[in-house]
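As they're listed, the protein sequences go chains Z and B.
Final position of the first sequence in numbering that gives the first Met the number 0 is 317; the numbers increase by one with none missing.
Final position of the second sequence in numbering that gives the first Met the number 0 is 313; the numbers increase by one with none missing.
Okay, so here's the structure we're looking at.
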Amino acid sequence: MSTVATSQIKLTPEHARPRASVRSRLQEALPKIVLAPSFAITVVFVYGFILWTIYLSFTNSKTFPSYAITGGRAYQRLWNWTFDTDPPSSWYTSITNMGIFGFLYIAICLALGLFLAILLDQKIRGEGVLRPIYLYPMALSFIVTGVAWKWFLDPGLGLEQTLHQWGWTSFHFDWIKNKDFVIYTVVIAGVWQASGFIMAMFLAGLRGIDGEIMKAAQIDGATTFQLYRRIVIPLLRPIFLSAFIVLAHLAIKSYDLVVALTSGGPGGSAWLPSNFMYEYTFKRNEMAVGSASAVIMLMTIVAIIVPYLYSELREKSR
Amino acid sequence: MSAVTTPARQASGGVNVKIVNRIVIYGLLALFALFYLMPLFVMLVTSFKTMDEIQNGNMLSLPKAPTFEPWLKAWGETCVGLTCAGIKGYFWNSIKMVVPAVLISTMLGALNGYVLTKWRFRGATLVFGLMLFACFIPFQSVLLPMATILGSLGRFGVTLQNTVGTSFGLGNSTVNLVFVHVVYGIGFTTLFFRNYYEAFPTELVKAAQVDGASFFQIFRRIMLPNSMPIFVVTVIYQFTNIWNDFLFASAYAGTGDAMPMTVALNNVVNTSTGVVEYNVNMAAAMIAALPTLLVYVLAGRYFVRGLMAGAVKG
Numbered sequence: 000m001s002t003v004a005t006s007q008i009k010l011t012p013e014h015a016r017p018r019a020s021v022r023s024r025l026q027e028a029l030p031k032i033v034l035a036p037s038f039a040i041t042v043v044f045v046y047g048f049i050l051w052t053i054y055l056s057f058t059n060s061k062t063f064p065s066y067a068i069t070g071g072r073a074y075q076r077l078w079n080w081t082f083d084t085d086p087p088s089s090w091y092t093s094i095t096n097m098g099i100f101g102f103l104y105i106a107i108c109l110a111l112g113l114f115l116a117i118l119l120d121q122k123i124r125g126e127g128v129l130r131p132i133y134l135y136p137m138a139l140s141f142i143v144t145g146v147a148w149k150w151f152l153d154p155g156l157g158l159e160q161t162l163h164q165w166g167w168t169s170f171h172f173d174w175i176k177n178k179d180f181v182i183y184t185v186v187i188a189g190v191w192q193a194s195g196f197i198m199a200m201f202l203a204g205l206r207g208i209d210g211e212i213m214k215a216a217q218i219d220g221a222t223t224f225q226l227y228r229r230i231v232i233p234l235l236r237p238i239f240l241s242a243f244i245v246l247a248h249l250a251i252k253s254y255d256l257v258v259a260l261t262s263g264g265p266g267g268s269a270w271l272p273s274n275f276m277y278e279y280t281f282k283r284n285e286m287a288v289g290s291a292s293a294v295i296m297l298m299t300i301v302a303i304i305v306p307y308l309y310s311e312l313r314e315k316s317r
Numbered sequence: 000m001s002a003v004t005t006p007a008r009q010a011s012g013g014v015n016v017k018i019v020n021r022i023v024i025y026g027l028l029a030l031f032a033l034f035y036l037m038p039l040f041v042m043l044v045t046s047f048k049t050m051d052e053i054q055n056g057n058m059l060s061l062p063k064a065p066t067f068e069p070w071l072k073a074w075g076e077t078c079v080g081l082t083c084a085g086i087k088g089y090f091w092n093s094i095k096m097v098v099p100a101v102l103i104s105t106m107l108g109a110l111n112g113y114v115l116t117k118w119r120f121r122g123a124t125l126v127f128g129l130m131l132f133a134c135f136i137p138f139q140s141v142l143l144p145m146a147t148i149l150g151s152l153g154r155f156g157v158t159l160q161n162t163v164g165t166s167f168g169l170g171n172s173t174v175n176l177v178f179v180h181v182v183y184g185i186g187f188t189t190l191f192f193r194n195y196y197e198a199f200p201t202e203l204v205k206a207a208q209v210d211g212a213s214f215f216q217i218f219r220r221i222m223l224p225n226s227m228p229i230f231v232v233t234v235i236y237q238f239t240n241i242w243n244d245f246l247f248a249s250a251y252a253g254t255g256d257a258m259p260m261t262v263a264l265n266n267v268v269n270t271s272t273g274v275v276e277y278n279v280n281m282a283a284a285m286i287a288a289l290p291t292l293l294v295y296v297l298a299g300r301y302f303v304r305g306l307m308a309g310a311v312k313g
């Protein structure tokens, strides 16, 4: 096709030139034209919408959006609720739960993931069978996970009942119905779902470590424990960081799990900020407050993700 | 890396120690395998039991008289809210939503990745950075504006319906969800393809350019034929994410006939009219989980790769 074009140019240079340049200019712009829709969509539906949400958070919107700025009343209310501990306000419950859930979920997933990866890395026969077993929960939706654990943790049907039947009648486990403990059941189900994936990340990291370093340390007489503490775990630092980012991100976005596992818990005691946002925006007709809570969630993510992405991208372009 | 036994231990005739070590390791691994399998196992056996057996029997025991009844009931008869026609309709809703959303977002991602790596321009990194960050936002921060826009598009669709005779899909919940999933999925698909094409030899593209191949010719003849692995990874990733989504589904199609599977399942389980049929609930949950589980079983390697690529960024 192009050879035809060049021969035409040779035959009629005076006509072909401007045409070729229009064509080549189009060719040149084509990549940007192809990328433009996606970029425009992102700018409008992500960044534009974020600005819109921020705007709404400074209005007096209730059931329907209102567009008269009325100041930071929504934030003022959230701030006041933060200290409303007796009885705890929904916001206080949500952020406290976020703290408990976020910390335990991330810490346990990291610890368990690393532990399992190290165990699996000991030349295990049947690794090919075990790995997929640890990892499959990640393929399930939070809703399915929630339904399964709801059943498993139900005092009348699940674990408690089973142990009673086996003769351990004093066993008592009703966290899922207990407003002070329900958030810990969310941790259990969350860890169950994500820890296998964290294990896979660590395992990939372990497999990437140079065997020579290990051998040298062994020859120097390091014990297994020392070897892992002093050499392997420090080498896994980048994986810790990635895993932390993934988990923090999952934790802040967790919404479905709370809904499916606890339906919000007794009196909303299992709420996370994501549930708070949904309830206030769509069910309690407090759109401004809902938006303000969404902005706070976003800011939390920004504080974690932006420095990370920035360093990642800068490293790449270097 | 290998199992590590210290010279000291080996010297002190540590064969026994070694065996004990292995037993402990295998024991722990088996214990954790049980932990991960338990909920699925319970779900599965419960879905094959009669209600009688559930109420009087043990959660962990195998069904004495396995029955397929709960599955049939979940598929065709159980109540989702007030409609009692099973979850089959919602299963198809999910399919109708997932297939176009996955295809469109994957194709866009492939083109974007191609442009961002082989046709670099000034500001490409910034463009990519902005798209990449979009992957990480909590969707709560766009939920409400999107609801407002979808609402007005729906009203516009009604107007069109009355004047032109067709709404062009505006206001249709499934179309809305496809749109939403494409919009918030292209960040990830672009990331996947960009990282994959980054490693693709640019000389090949340059050579083709010299030979006069056009932008799309290069994409079709050179990039696409070499993109099979990343297509599989991206399709699986998007499929799993979109199928499993609950937030968008409940916000934009939380009621009515277009409800996707996840929302329907949640409604089935939380319907509090009459006796709660646990076996039917569990069968419904299994049906909701099957497509993604199946993908995982058939293409687990690619599934993990997608998760990793989504996790380990730029």
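Using N, Cα and C, we set each Cβ at its ideal position, and we do this for glycine too.
- Excluding its 5 nearest sequence neighbours in each direction, residue 232 of chain B has C-beta neighbours in its own chain below 6 Å: 301, 304 and 305, listed in chain order.
- Put simply, the stretch 196–213 of chain Z does not touch the stretch 260–269 of chain Z. Fewer than three CB pairs are less than 8 Å apart.
- The alpha-carbon of residue 267 of chain Z is positioned some 13 Å away from that of residue 276 of chain Z.
- Neighbourhood of residue 118 of chain B in chain Z, by CB distance below 7 Å: 30, in chain order.
- Taking the Cα of residue 220 of chain B as reference, the smallest distance to any Cα among B:229, B:207 and B:230 is reached at B:207.
- Excluding five sequence positions before and after residue 241 of chain B, the CB atoms of its chain that fall closer than 6 Å to its own CB belong to 97, 100 and 180, given in chain order.
- Within the stretch 11–29 of chain B, those residues whose Cβ lies closer than 7 Å to any Cβ of chain Z are, in chain order, 24, 27 and 28.
- With fewer than 16 neighbouring CB atoms inside 10 Å of its own CB, residue 61 of chain Z falls in the exposed class.
- For residue 163 of chain B, the secondary structure class from DSSP, reduced to helix, strand or coil, is coil.
- Here the alpha carbons of residue 223 of chain B and residue 192 of chain B stand approximately 11 Å from one another.
- Residue environment analysis places residue 134 of chain B among the buried positions, since at least 16 neighbouring C-beta atoms fall within 10 angstroms of its C-beta.
- Annotation: the continuous alpha helix (DSSP H) that includes residue 37 of chain B extends over 14–46.
- When Cβ pairs closer than 8 Å are counted between the two stretches, the stretch 133–149 of chain B is seen to touch the stretch 289–296 of chain Z, the count reaching three or more.
- With a cutoff of 7 Å on beta-carbon distance, residue 42 of chain B and residue 257 of chain B are scored as not near each other.
- Neighbours of residue 306 of chain Z in chain B, taken as residues at a C-beta separation under 7 Å, are lacking, since the least C-beta distance is about 12 Å.
- Runs of alpha helix (DSSP H) with 4 or more residues, each lying fully within the stretch 236–269 of chain B, are found at 246–252 and 260–269, listed in chain order.
- Residue-level contact by beta carbon holds for residue 287 of chain B and chain Z, with a gap shorter than 7 Å.
- Taking one beta carbon from each stretch, the stretch 22–38 of chain B and the stretch 145–155 of chain Z have 3 or more pairs nearer than 8 Å; the two touch.
- Scanning its chain for C-beta atoms nearer than 7 Å, with the 5 sequence neighbours on each side dropped, one finds around residue 291 of chain B the residues 239, 242 and 243, in chain order.
- Around the beta carbon of residue 60 of chain B, a 10 Å sphere encloses fewer than 16 other beta carbons of the protein chains shown; the residue is thus reported as exposed.
- Counting along the chain, residue 220 of chain B sits inside no alpha helix (DSSP H), nor does DSSP assign it H or E at all.
- Between the C-alpha atoms of residue 132 of chain Z and residue 32 of chain B there is a straight-line separation of about 6 Å.
- Counting the other Cβ atoms within 10 Å of the Cβ of residue 227 of chain B gives fewer than 16, which makes it exposed.
- A residue is called buried once 16 or more other Cβ atoms fall within 10 Å of its Cβ, and residue 200 of chain Z is buried on that count.
- By the C-beta density criterion, residue 157 of chain B is exposed, having fewer than 16 other C-beta atoms within 10 angstroms.
- For residue 255 of chain Z, the uninterrupted alpha helix (DSSP H) run begins and ends at 255–261, by DSSP.
- The residues 156, 157, 159 and 160, in chain order, have a CB closer than 8 Å to that of residue 166 of chain B in the same chain once the five nearest residues on each side in sequence are set aside.
- Note on the stretch 168–212 of chain B: whole alpha helix (DSSP H) runs with a minimum of 4 residues are 172–182, 185–197 and 201–209, in chain order.
- When only Cα atoms are considered, residue 83 of chain Z and residue 266 of chain B end up about 33 Å apart.
- In the structure shown, residue 275 of chain B adopts coil according to DSSP, grouped into three states.
- For the pair residue 256 of chain Z and residue 185 of chain Z, the CB atoms are nearer than the 7 Å cut-off.
- Judged by DSSP secondary structure, residue 61 of chain B falls outside any alpha helix (DSSP H); it is assigned neither H nor E.
- By the C-beta criterion, the stretch 23–32 of chain B is judged to be in contact with the stretch 120–136 of chain Z, since at least 3 inter-stretch pairs fall below 8 Å.
- Cβ neighbours of residue 188 of chain B within its own chain (closer than 7 Å, five residues either side excluded): 104, 105, 107, 108, 233 and 237.
- By the Cβ rule, the stretch 73–89 of chain B does not count as touching the stretch 211–219 of chain B, because fewer than three pairs are nearer than 8 Å.
- Taking the C-beta atoms as reference points, residue 49 of chain B is found no nearer than 7 Å to residue 77 of chain B.
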